[in-house]
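So for the sequence shown, the numbering used here puts the first residue at 3; every next one is plus one. Beneath this line is the structure, given in structure tokens, with notes to follow.
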Amino acid sequence: MKKVGFLVNPIAGMGGRVGLKGTDGVYEKALELGAKPEAPNRAKIALSQLSELKNDIEIYTFFGDMGEVECRELGFNPYVLGEKKDVLTTSEDTINAAKLLKEKNVDLILFAGGDGTARDIYTALGEDAVVIGIPSGVKIHSAVYATTPKKAGEMALAYIKNEKGKIKEVEVIDIDEESFRSDIVKTRLYGYLKIPHDKKYMQNRKAGSVLNEESTKRAIGRSVIDSMEADCYYIIGSGSTTRPIMRELGYNGTLLGIDLLYNKKLVKEDLREEEILDYIRGSKAKVVVTPTGGQGYIFGRGNQQLSPKVIKTVGKENIIVISALSKIISLNGESLLVDTGDLELDKELSGYVKVIIGYSERIMYKIGD
3 MKKVGFLVNP IAGMGGRVGL KGTDGVYEKA LELGAKPEAP NRAKIALSQL
53 SELKNDIEIY TFFGDMGEVE CRELGFNPYV LGEKKDVLTT SEDTINAAKL
103 LKEKNVDLIL FAGGDGTARD IYTALGEDAV VIGIPSGVKI HSAVYATTPK
153 KAGEMALAYI KNEKGKIKEV EVIDIDEESF RSDIVKTRLY GYLKIPHDKK
203 YMQNRKAGSV LNEESTKRAI GRSVIDSMEA DCYYIIGSGS TTRPIMRELG
253 YNGTLLGIDL LYNKKLVKED LREEEILDYI RGSKAKVVVT PTGGQGYIFG
303 RGNQQLSPKV IKTVGKENII VISALSKIIS LNGESLLVDT GDLELDKELS
353 GYVKVIIGYS ERIMYKIGD
């Protein structure tokens, strides 16, 4: 029987919807702001894809909310490793758990978290195991993650059934969260992990912007501003492509947060999910988003404040997608992506969308299902 390791970082992603741009070092603050766990549900979505193999595989996991709960809720009968803890899990817990899975010689490790979790997995394993990341964090730059939790499970299923045998070494990248919260992006390559590779399932690593795109971004920003409707809230998503909108209007803007405009005036910078909802309920609103470079996500990577509740309140028809053409070309024909955490909403958002690529210039591009 194939052995599968299943590991959950239960606090991964909790800082996203409350605008903290991560959870490292700010867990207590995230709780104070009303943050709810995101990783357990996303881990269940992935693991549920293995239900057909329930009696044909051995699952090794960890006490409580590090994996055991999700396994038992889905009807699996896992081997539970480690010692039960009643306190907050730490990076050290993830590292120790991964080492225990290595000792059990598992064929595959399926883990839920963000870039910090991937870094901990690398610290424990190096390149000595095959892994698949279930995207659950705020910042997910590393290519070790599947495009969505469901795809992570589907990739695991295909690998276990020997339908996908190709293995690839991919980068483990993390950023300095303290700098990130100050709108400064400092990335570092920590090493490489082995994954079953198939572009249909796995995301690319995050790519940066090119400096000569700045004039294009300003033209895009001016195009958005000139088409703004009166008495309508404009939710400006994170990223360097959206920032010129704020700059053209005389505001600094929040590079890695969510800002709000009304009649071209700043309402508030760096909003949390609930703050956005408080403003736009019962009012007309539009949201401006841009794909992540090299990956193509318009929702679900670094902008979790734009939650399913926010998106549904705004409405699909009021989503404005902007991008430099070079960023679209860098996707090599692959679809734009969404990973909101709501599978039905992800399906609803799929299809073709207009993308503003210059001043009054648009192309049609597909959002994948």
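For every residue, glycine included, the Cβ atom is placed at its ideal position computed from N, Cα and C.
Subject >> For M3, the three-state DSSP class (helix, strand or coil) >> reply: Three-state result, M3: coil.
**OP:** Please check the pair V226 and V290, which I expect to be a contact at CB under 8 angstroms, by giving their CB distance rounded to whole angstroms.
**Re:** 6 angstroms
**OP:** Just the C-alpha distance for G360 and K38, rounded to the nearest angstrom, thanks.
**Re:** 38 angstroms
Original post:
Are the segment 320-338 and the segment 252-271 touching, with three or more C-beta to C-beta distances below 8 angstroms?
Top reply: no
**OP:** Could you tell me the distance, in whole angstroms, from the CA atom of G304 to the CA atom of I330?
**Re:** 19 angstroms
Original post:
Which of helix, strand or coil does DSSP assign to G66?
Top reply: If DSSP states are grouped into helix, strand and coil, G66 belongs with the helices.
Original post:
Quick one: is M157 buried, meaning 16 or more other Cβ sit within 10 Å of its Cβ, or exposed?
Top reply: buried
Original post:
If K219 and P246 are in contact, beta carbons under 8 angstroms, what's the gap, nearest whole angstrom?
Top reply: 5 angstroms
Subject >> Where G118 sits in the DSSP three-state scheme >> reply: helix
Original post:
For A232, which residues of its own chain have a beta-carbon under 7 angstroms away from its beta-carbon, when the five flanking residues on both sides are left out?
Top reply: N265
Subject >> Extent of the continuous alpha helix (DSSP H) to which G155 belongs >> reply: P151 to I162
Original post:
Using a C-beta cutoff of 8 angstroms, does P80 count as contacting chain B?
Top reply: In the structure shown, chain B does not exist; there is a single protein chain.
**OP:** Using three-state DSSP, classify Y194 as helix, strand or coil.
**Re:** Note: Y194 maps to strand in three-state DSSP.
Original post:
G15 and G139: beta carbons closer than 8 angstroms?
Top reply: yes
Original post:
In terms of residue numbering, what span does the alpha helix (DSSP H) encompassing M16 cover?
Top reply: Here M16 belongs to no alpha helix (DSSP H), and DSSP marks it neither H nor E.
Original post:
Using the C-alpha atoms, what's the distance from S50 back to I222?
Top reply: Near 42 angstroms, if we compare the C-alpha coordinates of S50 and I222.
**OP:** With DSSP as the reference, label A45 as helix, strand or coil.
**Re:** helix
Original post:
Residue range of the beta strand (DSSP E) that G259 falls in?
Top reply: G259 -> no beta strand (DSSP E), and no H or E assigned at all.
Subject >> Distance between E275 and L351 (C-alpha atoms, nearest Å) >> reply: 19 angstroms
**OP:** Return the CA-CA distance between Y253 and H143, expressed in angstroms with no decimal places.
**Re:** 28 angstroms
Original post:
What first and last residue would you give for the beta strand (DSSP E) that runs through E215?
Top reply: Element bounds for E215: n/a, residue is neither H nor E.
**OP:** Might you give, ordered along the chain, the residues of its own chain that have their beta carbon closer than 6 angstroms to the beta carbon of L9, omitting 5 neighbours on each side?
**Re:** G69, A99 and F113
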